[in-house]
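K.L.:
If you scroll down you'll find the structure; I have some questions about it.
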Amino acid sequence: MKRLSTLVSGTALALAAALTLSACGGGSSNNSAEGGVVIVTAAQPPSFSYETSATGYEAAEFFVNTGATLIRNPYVAGSDGLSAHQELFKFEPVLAKSYEVSPDGKTYTFHLNTEAKSAAGNALDADDVIFSFKRKFEVDTSIVSFVSAPVITSADQVKKVDDATVTISITDPSHGFTLLSLLANTPYAIYDSEVLEANATPDDPYGVEYSKTNADFGFGAYKLTSYTPGQQMVYEANPGYALGEPEVKRVVQRVVADAGQRSNLVKSGDASVATQLRPADQVALRDANAAQIFSVPSNAYVYVPLTTTKAPFDNVEVRRAFSYAVPYDAIMKDVYKGRLGPISSILNDTLPDYNGSGLKSNTTDPAKSLEILRNAGITTPVKFELTVNNAVPDLKETAVQIQTAARAAGFEVTLNEVNSAVFQEGLANKTFQASMGRDYAVVQSPPYVLSLFYTPGSPINWPDFDYAPLNDAIAAGNASGEPLTPAAWGDWNKAERILQDQMPTVYIGYVQPLNAFANGVEGYVFRTDSVIDYSELKP
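When you line the sequence shown up against mature numbering (1 follows the signal peptide of the UniProt record, and there is no 0), it's residues -23 to -1, 1 to 516, in that order.
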C-alpha cells in the first residue's frame, strides 16, 4: 500500500435534533455486563443516523463502535507519559484490504475485504460503498459535503470497478492526504446497503428515517442488541468485523446523569469506565489509586463560540473585549486541575512547519476589556446569555468562572443550562448568543480545521461567521498545494491572525480526556475524536 507523507483532515461534527428513539432489540435492562464491560455515561445518542445527528460525545462514540471505514489511522504506543494514540500520518486497512494510487496522483483504487460482514451478517461489496457515498452527499441534513470540500464534492467521484473494487478520483493530487484522512474517519463509515434499501421509501431512498431509530446497518466491531431510552444500551461483538471479533464480547453502556456518581461507580468497581467526569474527580481517583486516567496529545479544546449575527457579539469590539474578560489561568487551575493546557488559536502548534508568527497568547485583563468597550462608546455592563449543556460538568463550572470574572470586565453574564438535545438543536439553529463547548477536528490539517468551523453556511460554523478576508486566506491556502508546506503555512497563519483579530470564537485551552478506567482495564487508545474504541479494551 502506498503511503503519503502529509497530513490532514478528518472528523466531524454536525447538527442534532431532539429525537425520541424507539427500542431496537430486546429493550430489557440488564444488571450486569455478564463478563464484559460496563460504561457509565451522561447521555445517549439523539439518533442512530450520522446524517441527522453527527455531533456530541455519545453520538460520536456510538458511530465509531458500530461503524467501520475503508482505512484508519493506526494505533501506536505512547511515549513520555502519553497513552497509546493514533498515528495521524499513516493509514492501515479496515474494510479495504489495500489501496493504490495512480501515477498522476488523482485516482485511488481500493480493494475491498469482501469477507467483512455487517451487524446484520451481510458481506461487504462495492455496492455498499457506492450507496454510502450517495447517502452522505444527497441527504440534505448530512454534513459530509461541508467537511469534505474541496477534496470530495460529489458521490460521482466514486466508481465501481467490480464487486470487490472501487476507485475515488480527485482533481488535485495535493489533496491526496486529505482524501485518505477523510476516508479514515467516521463521516466516511460504510453502510450495509441491503438493510437500508430494504427499509427505504420513495421519499426516503436511503433509509435515513429508518436509521434514526434502528442501529444495525454498520460494519463496525459491535452491534446494538438492546436499547432502553434514557437508561441503557447493550452492544455485542460483531463476529464478522473486518479486523477480527473484539476481545470484549459485550458492552453495557448505562446512563448515570450525575458525574460524581459516575466517578464513584468506577471507584467501587461497579463500572469499568466512566466518561464526561469532572477533572477534580479524575484527579481524586488517580491520587487515591482508585482508577486510571490518561494524558494524551490532545486536540480537543474548550471554547466559547460567539454568535456574530446576534447582539451583542455582532459588534467586533464586544468580541475583542470579551476575550480579555475570560479568566484563563483560573479555569485551568480551579476547574481542570492541570488537565487543560494553553492554546493561542485553532490550529495545533505541534504540526510540521507550524507558523505562529504574530499570534498572541490568551490574556485576562479586565482593564483592557473596559478600555475597548469605552473607546467604542459601548455602555457597560454588556449583558448576554451564555448557554451550557447541563450534562457536561466541566463546562458548567467553566461558565460559572466566566460569569464571575466577567463582571469586573464590563459584562453581565446570565447562565442558561439546557439538556443535551436542546443544546445541540440550539447550536444547529444558531439561536444562542454564546455557548460553552468542547470540540475538536479529528485530523489536524489546517485546511480541514479552518473550513470545518468557518465555512459560511456550514451547520457547524457555530459563530455563524462569514468574513471575506478569512474566506480568502483559507481559499489561498487550499490553492497553495500540499497543506503543510511553509508556503501554505503563510496563508494558514494569516487566517489565524484574522481569527484572533475578529474573535468569533474564544479558545480557552486544550483539554485532556475526561474519562476514568478501573484499575486492570487495559487497551485505552486516544483517538482524535475523543471517544473510546471498545474493540481495543481488555478487561
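The beta carbon of each residue, even a glycine, is placed where N, CA and C say it ideally should be. This structure is a prediction, so every number in the text was calculated from the model and none was measured.
Using CA atoms only, rank isn't needed, just tell me which of L159, Y301, V211 is closest to F66.
P.N.:
L159
K.L.:
I'd like the ranges of any alpha helix (DSSP H) spanning at least 4 consecutive residues and lying wholly in the region 362 to 388.
P.N.:
370 to 383
K.L.:
I'd like the ranges of any beta strand (DSSP E) spanning at least 3 consecutive residues and lying wholly in the region 408 to 455.
P.N.:
If we require 3 residues or more, the beta strand (DSSP E) runs fully inside the region 408 to 455 come out as 414 to 416.
K.L.:
According to DSSP, is Y187 helix, strand or coil?
P.N.:
helix
K.L.:
Quick one: complete alpha helix (DSSP H) runs, 4+ long, within the region 29 to 93?
P.N.:
34 to 43
K.L.:
On the DSSP bridge assignment, give the partners of E499 in chain order.
P.N.:
K515
K.L.:
Can we say the region 156 to 172 touches the region 193 to 211, given the rule of at least three CB pairs closer than 8 Å?
P.N.:
Result yes; three or more Cβ-Cβ pairs closer than 8 Å.
K.L.:
Taking just the CA atoms, how far does E69 sit from S146?
P.N.:
20 Å
K.L.:
Could you give the residue range of the beta strand (DSSP E) that holds L101?
P.N.:
No beta strand (DSSP E) holds L101; DSSP gives it neither H nor E.
K.L.:
Could you check the C-alpha separation between Q489 and L461 for me, to the nearest Å?
P.N.:
Taking the CA atoms as reference points, Q489 sits about 25 Å from L461.
K.L.:
Within the continuous alpha helix (DSSP H) that includes P343, where are the two ends?
P.N.:
343 to 352
K.L.:
Closer than 8 Å by C-beta to G13: which residues in its own chain qualify, once you throw out the five before and the five after it? Chain order, please.
P.N.:
Contacts found: V225, K226, R227, V228, V229, P516.
K.L.:
Quick one: complete beta strand (DSSP E) runs, 3+ long, within the region 222 to 292?
P.N.:
227 to 232, 278 to 282
K.L.:
So what does DSSP say about D140, is it helix, strand or coil?
P.N.:
coil
K.L.:
Once you ignore the five residues that flank E38 on each side, which residues in its own chain have a CB closer than 7 Å to its CB?
P.N.:
V508, I509
K.L.:
Identify the continuous beta strand (DSSP E) that holds V488 and give its terminal residues.
P.N.:
482 to 488
K.L.:
From I16 to A93, what distance separates their C-alpha atoms?
P.N.:
27 Å
K.L.:
Where in the region 153 to 179 do unbroken runs of the alpha helix (DSSP H), each at least 4 residues long, occur, reported from the N-terminal end onward?
P.N.:
153 to 160, 170 to 175
K.L.:
Can you give the Cα-Cα distance for V399 and V293, rounded to whole angstroms?
P.N.:
Straight-line Cα distance between these residues: approximately 27 Å.
K.L.:
Where do the ends of the alpha helix (DSSP H) carrying V124 lie?
P.N.:
121 to 125
K.L.:
Consult DSSP for F494 and reduce its assignment to one of helix, strand or coil.
P.N.:
DSSP places F494 in the strand class (E or B) of the three-state scheme.
K.L.:
With burial defined as no fewer than 16 other Cβ atoms inside 10 Å of the residue's Cβ, what is the status of G354: buried or exposed?
P.N.:
exposed
K.L.:
I want to know whether the region 205 to 213 touches the region 77 to 90 - three or more CB-CB distances under 8 Å.
P.N.:
no
K.L.:
Could you give the first and the last residue of the continuous alpha helix (DSSP H) run that contains K471?
P.N.:
Counted as a single uninterrupted DSSP element, the alpha helix (DSSP H) harbouring K471 occupies residues 463 to 479.
K.L.:
V419 and N162: beta carbons closer than 8 Å?
P.N.:
yes
K.L.:
Would you grab the beta carbon distance between V281 and P289 for me? Rounded to a whole angstrom, and I think it's under 8 Å.
P.N.:
Their Cβ separation, rounded to whole angstroms, is 13 Å, which puts V281 and P289 out of contact at 8 Å.
K.L.:
Report all residues from its chain with a CB closer than 8 Å to the CB of V395; omit the five preceding and five following residues, and keep chain order.
P.N.:
T364, V365, N366, N367, G403
K.L.:
Based on Cα-Cα distance, which residue from R316, G153, A344, L476 lies nearest to A257?
P.N.:
Among R316, G153, A344, L476, the Cα nearest to that of A257 is on R316.
K.L.:
Out of curiosity, what's the CA-to-CA distance linking A36 and S412?
P.N.:
20 Å
K.L.:
For a test of the three-state rule: what should DSSP assign to D181, helix, strand or coil?
P.N.:
strand
K.L.:
So is V53 buried or exposed if we call it buried at 16+ other beta carbons inside 10 Å?
P.N.:
exposed
K.L.:
Go ahead and label K189 buried or exposed: buried means 16 or more other beta carbons lie within 10 angstroms of its beta carbon, across all protein chains shown.
P.N.:
buried
K.L.:
Rank K136, Y183, V233 by C-alpha distance to the C-alpha of P370 and give the top, closest one.
P.N.:
V233
K.L.:
In this structure, how does DSSP classify E294 when only helix, strand and coil are distinguished?
P.N.:
Three-state result, E294: helix.
K.L.:
List the DSSP bridge partners of Q209.
P.N.:
T205, R231
K.L.:
Taking the beta carbon of T375 as the centre, do at least 16 other beta carbons fall within 10 Å, making it buried, or is it exposed?
P.N.:
buried
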